[in-house]
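> Following the numbering used here, the numbering of the sequence shown begins with 15 at its first residue and continues without gaps.
A virtual CB, placed ideally from N, CA and C, is assigned to each residue, including glycine.
Keep in mind the model is a prediction, meaning the values are calculated, not measured.
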Amino acid sequence: MEHLIVFINAYLACKHDNKLGVIASHYNESKFIYPTNESIDVGPRPANAYQQFWQVDNSLVNSLKQLALNDTINDKKYGYSMISSSLSLALCCNYF
Numbered sequence: 015m016e017h018l019i020v021f022i023n024a025y026l027a028c029k030h031d032n033k034l035g036v037i038a039s040h041y042n043e044s045k046f047i048y049p050t051n052e053s054i055d056v057g058p059r060p061a062n063a064y065q066q067f068w069q070v071d072n073s074l075v076n077s078l079k080q081l082a083l084n085d086t087i088n089d090k091k092y093g094y095s096m097i098s099s100s101l102s103l104a105l106c107c108n109y110f
């Protein structure tokens, strides 16, 4: 996860206008984890943290935690891959 966050931060640092969307593909659902419509209160940001990096980092970590905590299927061997659903979400993305 940390390597992915470093890559995302490097992409955002390359150009000020760069936009980003992250889609999680779980065994029973596929959804945007960044940007998210839900407001997540994580407290005040540290003084030495770049705001855009801090928002992305906290949003990704909290969204992945929520995805793992909302895991409702007990028998995961019958879950299906949602990669095609993730690709469809990416193709239909209109956040930018």
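Between Ala104, Cys106, Asn108 and Ser98, which lies nearest to Asn42 when the distance is taken from Cα to Cα?
By 1-based counting over the sequence shown, the position of residue 42 is 28. With distances taken between Cα atoms, Asn42 lies closest to Ser98.
> Would you decide whether Leu18 is buried or exposed? Buried here means 16 or more other CB atoms lie within 10 Å of its CB.
Within the sequence shown, residue 18 is the residue found at index 4, counting from 1. With fewer than 16 other Cβ atoms within 10 Å, it is exposed.
> With DSSP run on the structure shown, which of helix, strand or coil describes Tyr48?
Here residue 48 corresponds to residue number 34 of the sequence shown, with the count starting at 1. Correct three-state label for Tyr48: strand.
> Whose C-beta lies closer than 7 Å to the C-beta of His40 among residues of the same chain, with five residues either side of it excluded?
Here residue 40 corresponds to residue number 26 of the sequence shown, with the count starting at 1. Hits under 7 Å: Leu81 and Met96.
> Identify the continuous alpha helix (DSSP H) that holds Ala82 and give its terminal residues.
Here the question's residue 82 lines up with position 68 in the sequence shown. It spans Gln65 to Leu83 - the alpha helix (DSSP H) in which Ala82 sits, taken as one unbroken run.
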